Structure formats: C-alpha cells, structure tokens
Amino acid sequence: MAKLQNREALEKLRNSLQAKSQKSQKLISLCAGSGCGAYGTAKVHTVLQEELAKHNLQEKVQVKLTGCHGFCEKGPIMVIHPEGVFYPQVTPEKVPDIVKTTLIGQQLVDKLIYKDPVTKKKISHEHEIPFYKLQKRIIFGNNGLIDPTSIDDYIAVGGYAALTKALFDLTPQDILSEIKKSGLRGRGGGGFPTGIKWESCRRHEGQRYVICNADEGDPGAYMDRSLLEGNPHSVIEGMIIGAIAIGSNDGYVYVRHEYPLAVTNLTMALRSARSLGLLGKNILGSGFDYDIRISRGGGAFVCGESTALMSSLEGKPGRPRAKYVHTVEKGFREGPSNLNNVETWANVPVIINQGAAWYAGIGTEKSKGTKIFSLVGKVVNTGLVEVPMGTTLRQIIFDIGGGIPKKKKFKAVQTGGPSGGCIPEQFLDLPVDFDELSKVGSIMGSGGMIVMDQDTCMVDVARYFVDFLKDESCGQCNPCREGLKNMLDILTDICQGRGKEGDIDLLEELGMMMQKFSLCGLGTSAPNPVLTNILYFRHEYEAHIRDKKCPAGICKPLFHYEIDAEVCTGCHVCFQKCPQEAVAGDKKKPHSIHQDKCIKCGICYDGCKFDAIKIC
Amino acid sequence: MRSKIDIDWKQIDEIILRYENDKEALLMIMQDISDIYNFVPPEIVPVLAEKLGVRKSHIFSVATFYKTISLVPRGKFIVHVCTGTACHVRGAEKVMDALKADFKTQEGGTTTDGLFTLEGVRCIGCCASGPVMTVNKETHGGLDRSSALKVIENYRNISS
C-alpha cells in the first residue's frame, strides 16, 4: 500500500472503496469474536466458502469475518445483509440449507430462525430482536459490519474522517474544548472528565506519552476486548486525535496477554495504518508525527491502576505508587503521561465527527454518551449491550437481557467488578451512570454487570472477590495485604460453618480501615464487595453464622439436599446422573438421597425437571 | 537450577533481537520464550540479564510478579479454567473440581505424565459462554463437569 499524502487522497480512497462495496449485492457477516470463535466460527466459515463455490456465488456474495456482535450467548452468529436476516448458533451442518434457501431461494430457513426465549416468538431480522432493538450502538455498532483485519473496511464506513478533521480543521485547543464540552468521562471506571485530563497533561512540559489501558482486569467484563478485536482502528484513531490535542508523538497500548486475538488484530491494524501513512511520521502530510507500540501485560490485575501500568510498561513489576504527583505530570519514564481506557478512546472519533453538542445530548446530566456493559451471569440473553447512560438496571437486565433463566428469582446484580458491589432488587429502577450507582454503595465501573439469582450465595460472592483481591494485591502496603488476608480468613470461616458472633462487625471495621489507609485504588475499593454485601444481605451472613445454614445451597458444610417425596415423579434421572450412587429409589416411585454418600456436587439438583430436590 | 531440556539458543537470541535488546520488553521476551517451552527455563535468566543489561534479581522479581510466567516446567497442555465472576456464578468451581480429581493434582499442579498443567485464570473475557476454559490457545465454552472432562479426553487422545 502506498502512503496517503493528504486528506484528499484518503477521501478518494474512501469513495472508491464505497463504490466497490456497493457492487456486491449480498454480504454475509459472520462473527469471529472470541465468544463465537469458542463455539466454532472457523469451521462454519470453511463450509460456507465451499458451499458458495459449489453454487458459483463467490462473486455475488461477500463474506466478512467480523468482530463481536455482542450477542455472544447465541454464537456463532450469522447476519445476511442488506436485509439483516439473523441466524444464531450456526453450525457447519446448517450452512448448506442457509445458502440454498436464503441466498439462492430468497426464503427464510424456518427452523433456524431465532426464537425469543421470553415471548417464544420467532424473529428473523437482527434489528427486530429485543436484545438489539433497545440498544444504542454508536461505539459498538460497526463491529458487525467490518472485518477488523481490513483497514479498507474501516475507511469505507467513514473511518479516519475524524482524524482528518482534527489534523486540518481544528487546533489542539479546539479538540480539547470539544472533548470537554462533550462531557466524556473515563470509561475505565474512574469517570474522570477526559478533556480535563488531556488539558492537564498538555500543560506539563517534556516528552509526553499517550497511552491506552487495555488491561481489562475486572472479571466479568469484556467490552474492551471486543472493541479491540472487532474495531481496533476506532481505538487507534481516538489515540491519534488525543495525541494531537495533548502534543505527543509516542504512544502505547497496554493489553492483556490473555487476549491473544485482540493482540493479533491490533498488531495488524497498527501495521496497516502505518503503511497508509495514518500513523508514524508526517501523518497524511500534516507534519504531525505519532506512533503506537504494543506492550503485553502478564496477568496482574493491579496493572490496571495507572501508576502500576506505567511501571509495568517500563519492564518492571507492576507495583503502584502513591499519587502525590499525578501521572499527567510524571508518569511513564517520568514524562507527562495520559492514560485512557479502550472504550474512552473509541468514543473520541465519534465526538469529533458528530460534534460535542450531539454527543452531550445523549445520557444524563453528568454522564454523557453511551456505555457498553457486559451483561453476564444468570441472565437469559448474555452478551455485550450498549445503552445510553441513564438506562435503568431493570431495562438492561429484563428488557434487553430477558430476565432470569429457568424461572428463578433475581437476587442481585454485581457492578463495577472487585471495586464495586452487589445491588439488590429494590434498586432495579436506578438509572445507571457514574453517580447514581455510587449512591447505593456500588459503582458503574468499567461495565461488568453480573446477574445473580436465588442460587447465588452472597457470602460466597464476597469471599470470591476477597480471594481474588488477596491474590492480586501487590503486597506493598499493610492495610491491603493484611486486611484482605484477614477478611478472607473470616469469610472462609463463615462459609465453612465456623463463623461466630462479632464476625460481621469485624469485617466492617477491617473494611473501613482499608478504605482509609490503603496505598492505591485496589486497596481502598477492595472492601466494597463485602461492605455492600453486608448492607443488603446481612440476613444471609446471620443465617451462616447463627443457624449454620447456607440458604442458596453453595457453602457445602452448611446445607444438604433432600428429595421432596410429594413432588418426585421417580423419573430416575438423578439416580442415573449421580456420580456417587447416592440416590436410591425405584422408577416411578419417590427417590431419596443417602446423605453419607452425597458429595453435594449439585448434579441432581441442576438436572431435576420437577424441582423435587430441595436445599435444606 | 537447571531444567532437563535442550535450549535452542539461536531462537532465544532471535527473540531478544526482535525486541532490540530493550529491557522494557523483558516481560514480553519471557512470554515469547514461554510460548516455546511453556515455561522460562531458569538457565536463560543469566543470558537475559547480560543481553538486556539488567540484574538477575530484577528478572526474578518480574518473573515471579506476573502470573503468565512460570520458572518451573509445565505440561504440554496448559489448561486454564476461567474463574472470573461470570463463570464463578455459573459453576466454574465444579469444572475445576472435576479436573482436579481427573488430574489428581491441585491448582497450579501438573499431571504425573507431564501432559496437563491445571491453572485458574481470572477472566478470559468470554463471559457469555461461561463456564469457559482454554487449553493452550483453544477456547472451550458452555462447560459443565462432564463436557469439560470430554474436552480433556480429546486432548489426551490426540497426544497418545
């Protein structure tokens, strides 16, 4: 590829790409994100190519392996454009039928159409599916339309237009004021106003660095992964615009080693941006230089913290430092460093293209724009959803997410990862933004939303997070290191049936100490999952401590399974599935469990269609 | 400390050169070495120290800080069971328990035949398909006890 020398050359390229893509009548978009990939996209793709060749359709039908469409639960996902015909869970065996009936015969394959799990209605087109219909996908929308390994695709949908605007029509000051006016706040969880951060970085002299935080460590959150995998150029374009505003010519993306596809796609994207002259020296003939390098993290959660991340970038262990001096003044290599998260960067081109006023029209008073959430756990439609700030938890979990599977009862939703908390049912109508969730003790955080049902034990969830954080604490400061260790000991005792009176008070006291005296954000926010949990689910702690019972049936020493003889039909399923031969009973007669043989693995409980197995 | 493997020093040199002997790239260099041997053989450490111009103690501090680096040999297949929150609430622990029993080892351990190393990983970002595990670089989703064991059986078969 020859380098583009000026903005006209980019526009010329865009026009020719758009003209070319209009030629082919059909476009099959096949999701190759990590979720769908795990379900076997590669095999589907091979068979699809073979089938198209068999019917001489290669010329007329274009096939795109795209990034994540968001509806990961239903993968591999296939969408046939321009109509938007949607086929979920496509296997290689289904492909010949789709090619023959839909592509050639222009008919729908009835048995493969998506069936809404709530209404049981069949829905054939993507835009009519409730999961998609209620979203507003301004950041995530292009994922389904472009091949992330092709810069041409990104340019054809308007990519790098914001960059030319920033390079040739706006001054750095204009960009700063536009970002400030838009109200964009950091999507990594902190919610700090992006424009103000950029401005303070620009104020400090020296070699400045513009860095992207792709160390998405919150368990249960994966929107950054999907953006980097599915639309890496949007992040790159945002970073270049940031570099112009801040006055930097050196950039890094710090990405998790656990995200190999994101690393591959990003590497490819950087290479092709460089070869087109959109990155590197003299970008589009403007005289502005900026380049980006990749640094791979090593599986340390604390490296999501800005000072730890920069220390890791320098090739050292990722230990945070006290922030008397902010990283915008002295960060990476002691230079002024501006760090923003992946999703924040992806918002930048949209703001520059559409204008701050348009952007500020979306969302709530103090939280503008949209937010991508990873809606996972015990919810019918799991996947990534992008909604305007201010959408309520109920709309996200029940209208888009379709509620709780297997007719079970909603118990809580965990937001904000290990720094957040569990929000109970009475707050489901809260609008989700940076400020509202913190009023009830949680945070919006980076966008993880893990739904929990009646079978989730809240003490176990608290223990889970503390266990996670104890492993991830860097160990430098006493409050975090010792606080977490002691919290874990107490919580483990409670879960094992050794809890005693006074444990809850002690947990609260420890929590407050850690909030006040820990060195970095990991330690100060570490008690949040425990404290909110005690606040709203104190009765579960008391049941564990006083009654020695785990009402959800998770903490093994604190419950046992019994079969309700009146409900049991004697279908014999549990008898056959039990790995311990602990179930006794003849067919069509009520069964029973030998408690001394039972290991409480829960296979019978999960497998019983009649809810005859009870937690006691 | 010596491990029992033959090290292809030319290949190690190539990796270091790929990162231009940059000491800031230490972690990535060790990750690339891990991709070949599934661990970082400790006899490489003095060479790395020399070529990158850092102390051996620095290399050990980085190697022991980050979870992706192991200084002891690991199995042919590294099994990462995701224990992220979404997988946890969907029963990742049951998958982990099943594999521990099958491998007759604890988390972090390697089977006696040297085939599998079992590790927990905190979220691999496939939350919608949970519980999930990866075997080397392949991802397997929607698991329960029996399907996880079936996946392992397949790997056992292809390597025998």
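As you go down the protein sequences, you meet chains C and P in turn.
Quick note on our numbering: the first sequence kicks off at 42 and runs consecutively.
Quick note on our numbering: the second sequence kicks off at -15 and runs consecutively.
Glycine included, every Cβ here is placed at the ideal spot set by N, Cα and C.
A quick note: this is a predicted structure, and the numbers were derived from the prediction, not measured.
Buried or exposed: where does residue i fall if 16 or more other Cβ atoms within 10 Å of its Cβ makes it buried?
{"i": "P:Pro115", "result": "buried"}
{"i": "C:Glu622", "result": "exposed"}
{"i": "C:Trp399", "result": "exposed"}
{"i": "P:Ser183", "result": "This structure cannot speak to residue 183 of chain P, because chain P is shown only from -15 to 144."}
{"i": "C:Thr160", "result": "exposed"}
{"i": "P:Ser144", "result": "exposed"}
{"i": "C:Arg579", "result": "exposed"}
{"i": "C:Gln455", "result": "buried"}
{"i": "P:Ile136", "result": "buried"}
{"i": "C:Lys162", "result": "exposed"}
{"i": "C:Cys242", "result": "buried"}
{"i": "P:Leu36", "result": "buried"}
{"i": "P:Ile0", "result": "buried"}
{"i": "C:Thr132", "result": "exposed"}
{"i": "C:Ala73", "result": "buried"}
{"i": "C:Cys657", "result": "exposed"}
{"i": "C:Lys101", "result": "exposed"}
{"i": "C:Glu12", "result": "Examination of residue 12 of chain C is not possible in this model, given that chain C is present from 42 through 657 alone."}
{"i": "C:Ala314", "result": "buried"}
{"i": "C:Tyr365", "result": "exposed"}
{"i": "C:His86", "result": "buried"}
Are residue i and residue j touching if we call contact CB-CB under 8 Å?
{"i": "P:Ile62", "j": "P:Glu103", "result": "yes"}
{"i": "C:Val614", "j": "C:Asp652", "result": "no"}
{"i": "P:Met14", "j": "C:Ser336", "result": "no"}
{"i": "C:Val635", "j": "C:Ile604", "result": "In the sequence as displayed, the identity of residue 635 of chain C is His instead of Val. Their beta carbons are not under 8 Å apart, which means C:His635 does not touch C:Ile604 by this criterion."}
{"i": "C:Ala262", "j": "C:Ser415", "result": "yes"}
{"i": "C:Cys77", "j": "C:Pro123", "result": "no"}
{"i": "C:Lys418", "j": "C:Met528", "result": "According to the sequence displayed, residue 418 of chain C carries Gly and not Lys. Taking 8 Å as the Cβ cut-off, C:Gly418 and C:Met528 do not qualify as a contacting pair."}
{"i": "C:Cys463", "j": "C:Val502", "result": "yes"}
{"i": "C:Val198", "j": "C:Leu217", "result": "no"}
{"i": "C:Asp259", "j": "C:Arg297", "result": "no"}
{"i": "C:Gly108", "j": "C:Asn272", "result": "yes"}
{"i": "P:Asp81", "j": "P:Leu133", "result": "no"}
{"i": "C:Ser165", "j": "C:Val126", "result": "yes"}
{"i": "P:Thr89", "j": "P:Ala76", "result": "no"}
Which residues in the same chain have their Cβ closer than 8 Å to the Cβ of residue i, if we skip the five residues on either side of it in sequence?
{"i": "C:Ile586", "result": "Ile535, Gly540, Lys541, Glu542, Asp544, Ile545"}
{"i": "C:Val659", "result": "No information on residue 659 of chain C is available, as it lies outside the stretch 42 to 657 that chain C covers here."}
{"i": "C:Ile403", "result": "Lys177, Ile179, Lys409, Gly410, Thr411, Pro429, Met430"}
{"i": "C:Gly611", "result": "Gly626, Asp627, Lys628, Lys629, Lys630, Pro631, His632"}
{"i": "P:Val24", "result": "Met14, Ile17, Ser18, Ala47, Ile53, Ser54, Leu55"}
{"i": "C:Gly288", "result": "Pro213, Arg243, Arg249"}
{"i": "C:Gln46", "result": "Gly318, Leu325, Gly326"}
{"i": "P:Arg146", "result": "The structure shown does not extend to residue 146 of chain P, since chain P is modelled only from -15 through 144, so no value can be given for it."}
{"i": "C:Lys450", "result": "Asp494, Gln495"}
{"i": "C:Gly443", "result": "Asp157, Pro158, Val159, Pro171, Phe172, Val420, Val421, Asn422"}
Relative to the ligand ZN, is the shortest distance from any of its heavy atoms to the C-beta of residue i smaller than 7 Å?
{"i": "C:Cys344", "result": "With respect to the ligand ZN, the structure shown offers nothing to examine, as it has no ligands at all."}
Below 6 Å CB to CB, which residues in the same chain sit around residue i once its five sequence neighbours on both sides are set aside?
{"i": "C:Arg228", "result": "Asn382, Glu384, Thr385"}
{"i": "C:Leu302", "result": "Ser75, Glu270"}
{"i": "C:Cys639", "result": "Ala623"}
Could you tell me how far apart the beta carbons of residue i and residue j are, in whole angstroms, since I believe they sit closer than 8 Å?
{"i": "C:Tyr195", "j": "C:His274", "result": "4 Å"}
{"i": "C:Glu346", "j": "C:Leu563", "result": "6 Å"}
{"i": "C:Ala341", "j": "P:Tyr3", "result": "Incorrect: roughly 20 Å between the Cβ atoms, too far for contact."}
{"i": "C:Arg48", "j": "C:Thr205", "result": "4 Å"}
{"i": "P:Gln(-5)", "j": "P:Ile20", "result": "7 Å"}
Which residues in the same chain as residue i place their Cβ atom closer than 7 Å to its Cβ, once the five residues preceding and following it in sequence are excluded?
{"i": "P:Met(-15)", "result": "Residue placement at P:Met(-15) is poorly supported in this model, since its pLDDT is 44, which falls under 50; the coordinates still yield a value, given next. Only Pro26 meet the Cβ criterion."}
{"i": "C:Ala202", "result": "Asn394"}
{"i": "C:Thr533", "result": "Arg504"}
{"i": "C:Leu658", "result": "Since the displayed chain C opens at 42 and closes at 657, residue 658 of chain C lies outside it and no answer follows."}
{"i": "C:Gly376", "result": "Gly247, Gln248, Arg249, Tyr250"}
Measure from the C-beta of residue i to each C-beta in chain A and report whether the shortest distance is under 8 Å.
{"i": "P:Gly109", "result": "Among the protein chains of the structure shown, namely C and P, there is no chain A."}
- Message: Taking 8 Å as the cut-off, does the region 93 to 100 of chain P touch the region 246 to 253 of chain C (at least 3 CB pairs, one atom from each stretch)?
- Response: no
- Sufficient close CB pairs (3 or more, under 8 Å) joining the region 383 to 403 of chain C to the region 275 to 286 of chain C: yes
- Task: Check whether the region 552 to 560 of chain C touches the region 568 to 582 of chain C, counting contact only when three or more Cβ pairs, one atom from each stretch, lie closer than 8 Å.
- Result: yes
- Query: So, do the region 107 to 116 of chain C and the region 420 to 428 of chain C have three or more beta carbon pairs nearer to each other than 8 Å?
  - Reply: yes
- Item | Contact between the region 477 to 489 of chain C and the region 447 to 465 of chain C (3+ Cβ pairs under 8 Å) | yes
- Query: Are at least three pairs of beta-carbons, each pair with one atom in the region 231 to 241 of chain C and one in the region 354 to 361 of chain C, less than 8 Å apart?
  - Reply: no
- Query: Counting pairs of beta carbons, one from the region 322 to 331 of chain C and one from the region 282 to 300 of chain C, are three or more of them closer than 8 Å?
  - Reply: yes
- Message: Three or more C-beta pairs under 8 Å: does that hold for the region 430 to 450 of chain C against the region 471 to 487 of chain C?
- Response: yes
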